[in-house]
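Chemist: Take a look at the following structure, please.
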Amino acid sequence: DQQVKQNSPSLSVQEGRISILNCDYTNSMFDYFLWYKKYPAEGPTFLISISSIKDKNEDGRFTVFLNKSAKHLSLHIVPSQPGDSAVYFCAASARTGYYGQNFVFGPGTRLSVLP
Amino acid sequence: EAGVAQSPRYKIIEKRQSVAFWCNPISGHATLYWYQQILGQGPKLLIQFQNNGVVDDSQLPKDRFSAERLKGVDSTLKIQPAKLEDSAVYLCASSLGEGMRLQETQYFGPGTRLLVL
Numbered sequence: 056d057q058q059v060k061q062n063s064p065s066l067s068v069q070e071g072r073i074s075i076l077n078c079d080y081t082n083s084m085f086d087y088f089l090w091y092k093k094y095p096a097e098g099p100t101f102l103i104s105i106s107s108i109k110d111k112n113e114d115g116r117f118t119v120f121l122n123k124s125a126k127h128l129s130l131h132i133v134p135s136q137p138g139d140s141a142v143y144f145c146a147a148s149a150r151t152g153y154y155g156q157n158f159v160f161g162p163g164t165r166l167s168v169l170p
Numbered sequence: 030e031a032g033v034a035q036s037p038r039y040k041i042i043e044k045r046q047s048v049a050f051w052c053n054p055i056s057g058h059a060t061l062y063w064y065q066q067i068l069g070q071g072p073k074l075l076i077q078f079q080n081n082g083v084v085d086d087s088q089l090p091k092d093r094f095s096a097e098r099l100k101g102v103d104s105t106l107k108i109q110p111a112k113l114e115d116s117a118v119y120l121c122a123s124s125l126g127e128g129m130r131l132q133e134t135q136y137f138g139p140g141t142r143l144l145v146l
């Protein structure tokens with residue numbers, strides 16, 4: 056039972072254009088969403104996050120949009136650069152107690168930015 | 030600020046052998062997580078510590094996996110005996126662990142790549 060889905064295993068985009076990575080979730084208890092970027096042989100690196108009380112969060116070239124009614128979020132990268140080529144993981148989090156925070160990750164989308 | 034440290038980076042063992050991984054979280058981070066990432070999948074949580082106590086170990090295969098964080102700082106994850114399907118990257122992550130703080134971001138180490146033959 057995949058609670059967090061990234062239905063596109065891979066995406067290719069031309070340098071300078073917009074990259075849009077999508078993520079869907081099923082658990083309505085998730086209240087915090089994160090995007091991580093992963094290069095080969097490295098651990099995931101935190102990129103950007105959004106709380107369920109917002110519908111948009113921007114950080115430089117990266118913008119995350121959240122549509123709670125559709126249980127959908129997306130990551131926009133504008134403009135895309137060759138260094139953005141990596142695997143992108145969507146993660147969702149729900150509180151499970153005072154200290155508990157249940158993080159669930161999607162399977163990832165491999166982004167290739169072509170020069 | 031130093032990141033999450035893990036060792037070793039790579040390990041090759043035969044099935045039925047034992048193996049241990051070490052993690053040192055970011056200084057001051059009270060919460061520590063161990064994840065298993067199988068090729069082509071996202072990380073799956075194995076165990077979560079708050080200081081030296083276990084918060085969630087519901088997905089840890091306790092017949093062969095164990096983990097400890099005795100002094101509430103660094104942690105070890107052990108597999109004994111290993112099976113072929115344990116081949117994966119084992120990731121450690123940490124977060125501040127301030128309780129009801131709404132936004133708690135995890136920071137990951139580089140991972141340990143395990144191959145069981």
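These protein sequences, in sequence, are chains W and L. So for the first sequence, this note's numbering puts the first residue at 56; every next one is plus one. So for the second sequence, this note's numbering puts the first residue at 30; every next one is plus one. Each residue gets a CB set at the ideal place from its N, CA and C atoms; glycine is no exception.
Should the region 122-138 of chain W be regarded as contacting the region 70-81 of chain W, the criterion being three or more beta carbon pairs within less than 8 angstroms?
Modeler: Because the criterion of three Cβ pairs below 8 angstroms is met, the region 122-138 of chain W and the region 70-81 of chain W touch.
Chemist: Could you check if Thr60 of chain L is buried or exposed, using at least 16 other CB atoms within 10 Å of its CB as the buried criterion?
Modeler: Buried is the call here.
Chemist: Any chance the region 104-122 of chain L sits against the region 120-131 of chain W, with 3 or more Cβ pairs inside 8 angstroms?
Modeler: no
Chemist: How far does the beta strand (DSSP E) with Gln35 of chain L in it reach, from first residue to last?
Modeler: 34-36
Chemist: Output yes if chain L places a C-beta closer than 7 angstroms to the C-beta of Glu97 of chain W; else output no.
Modeler: Yes, because at least one Cβ of chain L sits closer than 7 angstroms to the Cβ of Glu97 of chain W.
Chemist: Do we get a CB-CB distance below 7 angstroms when we pair Phe144 of chain W with the residues of chain L?
Modeler: yes
Chemist: Using beta-carbon positions only, say whether Val118 of chain L and Gln46 of chain L come within less than 7 angstroms of one another.
Modeler: No.
Chemist: Taking C-beta to C-beta, are Thr105 of chain L and Ala49 of chain L nearer than 7 angstroms?
Modeler: Contact: yes.
Chemist: Just mark Ala96 of chain L as buried or exposed, buried being the case when its beta carbon has 16 or more other beta carbons within 10 Å.
Modeler: buried
Chemist: Looking at C-alpha atoms only, which residue of L:Tyr62, L:His58, L:Gly32 is the closest neighbour of Leu120 of chain L?
Modeler: L:Tyr62
Chemist: Which chain L residues are close to Gln58 of chain W, counting only those with a beta carbon under 7 angstroms from its beta carbon?
Modeler: The premise fails here: Gln58 of chain W is roughly 11 angstroms from chain L at the closest Cβ pair, so nothing lies under 7 angstroms.
Chemist: Under 7 angstroms, Cβ to Cβ, is there at least one residue of chain L near Pro162 of chain W?
Modeler: yes
Chemist: Taking only beta-carbon atoms, is Phe137 of chain L less than 7 angstroms away from chain W?
Modeler: At least one CB atom of chain W sits nearer than 7 angstroms to the CB of Phe137 of chain L.
Chemist: Using a C-beta to C-beta distance shorter than 7 angstroms, which residues of chain W count as neighbours of Gly71 of chain L?
Modeler: Phe144, Phe160, Gly161, Pro162, Gly163
Chemist: Label Asp115 of chain L either buried or exposed according to how many other C-beta atoms from any shown protein chain fall within 10 Å of its C-beta, with 16 as the threshold for buried.
Modeler: buried
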